[in-house]
Structures are given as structure tokens and as C-alpha cells.
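Enquirer:
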Amino acid sequence: MAGVAVLGTGIMGAPMARNLLTAGLRVTVWNRTKDKARALEADGAVVAGSPAEAVEGADVVITMLSDAEAVHAAMTSAAPGLREGQVWAQMSTVGVAGAERLAALADEHGPTFVDAPVQGTKQPAEQGTLIILAAGPQQARDTLAPVFGALGQRTLWLDEDGASGAGSRLKMATVSYGISLTAVVAESLALARGLGLDPDLVRQVITGGPMDSAYFQLKSRAILEGDFAPSFTVHNAEKDTGLIVRAGQSAEVQLDVVAATRERLRRAESQGHGDEDMSATWFASFD
Ligand code: NAP
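Quick note: the sequence shown uses our numbering, first residue 18, plus one each step.
And the structure:
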């Protein structure tokens with residue numbers, strides 16, 4: 018029975034840890050705000066008081082924290098418990114430069130670095146149906162097989178070298194689609210309302226036609242019902258748009274839509290919606 022340390026038990030990390038426990042793995046959790054980690058005790062997780070205590074003796078370390086800065090800080094603090102032979106699956110969204118920086122940190126402290134961000138939000142995390150976009154060597158893949166099997170429906174292995182950041186590069190392209198799509202849905206509904214119409218009419222026209230999608234249904238329903246409980250927060254989506262814009266700049270690819278989406282997210286955050294779901298970009302259409 019492999020031992021897994023999960024650093025970060027937020028919206029994504031908590032259900033991921035639960036799925037590992039359900040799969041029969043030994044799980045130790047650490048979270049900056051300890052109460053969130055304690056909620057997993059009832060599921061059988063051991064709660065660690067520090068990142069170093071969490072990773073001590075673990076075969077696999079998973080990081081699922083907000084950004085590269087938080088991951089770097091947690092893994093630096095974990096260093097006394099890290100060793101060669103451990104596999105570090107870095108699953109947070111940290112961007113291309115972030116993945117490179119964290120791979121270098123792994124080199125310093127011993128564990129094998131696997132770049133493994135995920136596609137899918139709170140519900141797929143709960144259902145164990147995430148898509149894992151991964152880069153790392155074969156030996157680490159074998160160790161991770163039961164872990165990724167519990168977390169996701171599919172793992173796309175993209176490169177033998179975790180430091181290539183291939184997972185994080187693909188993540189930039191796919192998360193760009195999801196975040197911009199949400200902003201477009203919100204804007205269409207907002208425009209209908211502004212033009213004196215019931216925004217639900219937009220949903221009625223699109224439903225069942227060629228422009229319909231599960232994602233459109235999910236986000237339009239959230240907006241129409243005023244349910245902004247977070248699956249993916251405005252704050253983290255704004256963080257991702259910054260990473261995407263930088264990725265585009267370094268690749269010399271002109272990205273216009275995501276830059277505009279970033280402005281909407283920033284506006285929503287300054288209106289006080291940072292902790293709500295990114296569908297709250299709806300509010301950015303109004304004063
Ligand atoms: P979340 O609920 O906001 O959780 C963020 C986690 O990071 C919490 O554990 C938080 O600790 C911790 N954290 C933040 N700053 C920290 C710091 N300076 N030091 C230590 N810990 C810190 O976010 P999430 O939705 O679970 O997302 C986690 C990661 O997965 C992010 O990179 C996100 O972009 C990515 N992701 C999210 C989704 C999604 O749909 N939600 C999908 C795919 C990928 P506290 O509890 O103490 O605040």
C-alpha cells in the first residue's frame with residue numbers, strides 16, 4: 018500500500034485525497050489552514066503539522082496548492098522529509114516557467130519531478146474523473162499508476178522529462194479555453210439582460226443546437242440561478258489568465274480573448290467576487 022502525501026486540501030486537493038483513501042492508499046494531508054485538512058480525518062487521512070512531517074516516508078508527494086509561489090514555499094519547507102526515490106506529482110496549475118522552477122527545486126532535494134496538472138473542476142475531482150496532463154519518466158509512471166488511477170479517468174503522458182513542462186504547456190492551452198468560454202457565456206447573458214430581455218432566452222436558443230455544450234449548460238445555469246458557489250474561483254482563474262498571457266508572449270502567439278477575459282476577472286475580483294466561481298465574471302458586465 019503506497020503512502021501518499023497531499024499538500025493542499027482546497028477545492029481540488031480535498032476530494033482528490035478522499036479518492037486516494039477510497040482506493041486504499043495511505044494518505045497524509047497538510048494544509049496551511051489546518052481545519053480544512055482535519056475535515057479529512059474522518060475519511061482516514063493522517064493530518065500532518067508541517068509539510069516536512071507530511072512527506073516523511075511518503076512514496077508519492079502531491080502538491081495541489083494555488084500557485085507556483087505557494088508550491089515552492091511548501092516544498093522548500095518539506096525539504097527535510099524529501100529523499101531520492103520519492104515521486105513528486107506537481108498537480109497545481111503553475112504555468113510553464115513555474116513548472117521549470119519547481120523541477121529545479123526537485124533536483125535540489127531528491128524526488129523525481131512529474132509535471133502533472135489536471136483538466137477538470139470540483140465535480141470531476143470528486144468523481145475521480147480528472148484528465149491528468151503529465152510528463153515524467155517511466156519509473157515514476159509505474160509508481161503513480163494506482164495514484165493517478167484513483168484521481169483521473171485518463172492520463173496523457175506527454176514527455177519522459179518532467180522538467181520539460183509538457184503537461185503545464187498543454188494545461189495553458191486547455192484552461193485558456195475553459196476560462197474564456199465561461200467569460201463568453203457570462204457576457205452573452207449579460208448583454209441580453211442589458212438589452213431588456215430575460216437572459217434565460219439565450220439559454221433557450223442555444224440549448225439543443227450546434228452551439229450547445231455541457232459546459233454552456235453548467236455555467237449558464239449557475240449564472241441564471243445566481244449560484245456562484247466555487248468550483249474554480251475567480252481568483253485562481255485570474256491567476257491562470259496571467260500565466261496564459263505570459264505563455265503566449267514567450268511563444269510569440271498573439272492572445273486577445275484571454276487578455277480581455279483577464280480584465281473581466283480582475284473587475285469581478287475588485288467587486289468582491291474573488292472567492293466565487295469564475296462564472297461570477299457575469300458581474301463584471303455591470304457597475
Ligand atoms: P483553492 O480551493 O483556492 O485551494 C488553494 C490551496 O492553496 C489551499 O490549500 C490554500 O491553503 C493553499 N495556499 C494558497 N496560498 C498558499 C500559501 N502561500 N502557502 C501555503 N498554502 C497556500 O484552489 P483549488 O481550486 O483547489 O486549486 C488548486 C490548484 O489547482 C490551483 O493551482 C488551481 O489553479 C488548480 N486547478 C483548479 C481547478 C478547479 O476547477 N478548482 C481545476 C484544475 C486545476 P488555505 O486553505 O490555507 O487557503
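Built from N, CA and C at the ideal position, the CB exists for glycine as well.
This structure is a prediction, so every number in the text was calculated from the model and none was measured.
Is it buried or exposed, Glu125, if we count other Cβ atoms within 10 angstroms and call 16 or more buried?
Expert: In the sequence shown, counting from the first residue as 1, residue 125 sits at position 108. That one is exposed.
Enquirer: In chain order, which continuous runs of the beta strand (DSSP E) of length 3 or greater are located wholly inside the stretch 181 to 229?
Expert: Runs of the beta strand (DSSP E) inside the stretch 181 to 229: none found.
Enquirer: In the DSSP output, which residue or residues are listed as bridge partners for Gly20?
Expert: Here residue 20 refers to the residue found at position 3 when the sequence shown is read from its first residue. Its beta-bridge partners are Arg43.
Enquirer: For Ile223 and Asp244, I'd like the C-alpha separation in whole angstroms.
Expert: Stepping through the sequence shown from its first residue, residue 223 is reached at position 206. Stepping through the sequence shown from its first residue, residue 244 is reached at position 227. Ile223 and Asp244: Cα-Cα distance of roughly 20 Å.
Enquirer: Taking 7 Å as the line, does the beta carbon of Gly137 fall inside it for any heavy atom of the ligand NAP?
Expert: Numbered from 1 along the sequence shown, position 120 holds the residue referred to as residue 137. It does: the Cβ of Gly137 is within 7 Å (strictly closer) of some heavy atom of the ligand NAP.
Enquirer: Assuming Thr93 is part of the alpha helix (DSSP H), what are its boundary residues?
Expert: As a first step, residue 93 is located in the sequence shown; it is residue number 76 there, counting from the start. First-last of the alpha helix (DSSP H) with Thr93: 85 to 95.
Enquirer: Closer than 7 Å to a non-hydrogen atom of the ligand NAP - does that hold for the CB of Leu82?
Expert: Working through the sequence shown from its first residue, we reach residue 82 at position 65. Yes, the ligand NAP has a heavy atom inside 7 Å of this Cβ.
Enquirer: Tell me the residue span of the alpha helix (DSSP H) that contains Arg55.
Expert: Numbered from 1 along the sequence shown, position 38 holds the residue referred to as residue 55. That run of the alpha helix (DSSP H) goes 51 to 55.
Enquirer: Apart from the five residues just before and just after Arg210, which ones in its own chain have a Cβ nearer than 7 Å to its Cβ?
Expert: Your numbering for residue 210 matches position 193 in the sequence shown. Cβ neighbours of Arg210 beyond the five flanking positions: Pro216.
Enquirer: For the ligand NAP, is there any heavy atom lying closer than 7 Å to the beta carbon of Lys236?
Expert: Locating residue 236 in the sequence shown gives position 219, counting from the first residue. Every heavy atom of the ligand NAP is 7 Å or more from the Cβ of Lys236, so no.
Enquirer: Determine the direct distance from the alpha carbon of Ala152 to that of Arg263, and round the result to whole angstroms.
Expert: Here the question's residue 263 lines up with position 246 in the sequence shown. Here the question's residue 152 lines up with position 135 in the sequence shown. Each residue's Cα considered, the two are about 21 Å apart.
Enquirer: What ranges does the alpha helix (DSSP H) occupy inside the stretch 90 to 164, keeping only unbroken runs of at least 4 residues that lie completely in it?
Expert: Here the runs fully enclosed are 112 to 126, 139 to 144.
Enquirer: I need the straight-line Cα distance from Val113 to Lys188, nearest angstrom please.
Expert: Start at 1 with the first residue of the sequence shown, and residue 113 comes out as number 96. Start at 1 with the first residue of the sequence shown, and residue 188 comes out as number 171. Computed Cα separation, rounded: 9 Å.
Enquirer: Exposed or buried, which one is Phe303 when buried takes at least 16 other CB atoms within 10 Å?
Expert: Here residue 303 is taken as the residue at index 286 of the sequence shown, counted from 1. Answer is exposed; the Cβ neighbour count stays below 16.
Enquirer: Just to check my reading of the structure: Leu119 and Val77 have Cβ atoms closer than 8 Å, yes? What is that Cβ distance to the nearest angstrom?
Expert: What you label residue 119 is simply residue 102 of the sequence shown in a count that begins at 1. What you label residue 77 is simply residue 60 of the sequence shown in a count that begins at 1. That pair is no contact at about 16 Å.
Enquirer: Got a sec, what are the start and stop residues for the alpha helix (DSSP H) Thr258 sits in?
Expert: On the sequence shown, position 241 is the one that residue 258 refers to. Taken as a continuous stretch (DSSP letters only), the alpha helix (DSSP H) holding Thr258 covers 251 to 268.
Enquirer: Could you give the residue range of the alpha helix (DSSP H) that holds Leu235?
Expert: Counting from one through the sequence shown, the residue named residue 235 turns up at place 218. Looking at the DSSP string, the run of the alpha helix (DSSP H) that includes Leu235 is 231 to 242.
Enquirer: Compare the C-beta of Thr278 against all C-beta atoms of chain B and say whether one is closer than 8 Å.
Expert: Included in the structure is just one protein chain, with no chain B present.
Enquirer: Please check the pair Gly182 and Glu117, which I expect to be a contact at CB under 8 Å, by giving their CB distance rounded to whole angstroms.
Expert: One-based indexing of the sequence shown puts residue 182 at position 165. One-based indexing of the sequence shown puts residue 117 at position 100. The Cβ separation is near 6 Å, so the contact holds.
Enquirer: Would Thr278 pass as a contact of Ser197 if the rule is Cβ separation under 8 Å?
Expert: Sequence index remark: in the sequence shown, residue 278 carries index 261 (1-based). Sequence index remark: in the sequence shown, residue 197 carries index 180 (1-based). Yes; because the gap between Cβ atoms is below 8 Å, this pair is in contact.
Enquirer: Is Asn36 near the ligand NAP, with its Cβ less than 7 Å from a heavy atom?
Expert: Here residue 36 refers to the residue found at position 19 when the sequence shown is read from its first residue. False, no ligand heavy atom lies under 7 Å from that Cβ.
Enquirer: Counting pairs of beta carbons, one from the stretch 244 to 255 and one from the stretch 289 to 298, are three or more of them closer than 8 Å?
Expert: Enough Cβ pairs lie closer than 8 Å, so yes.
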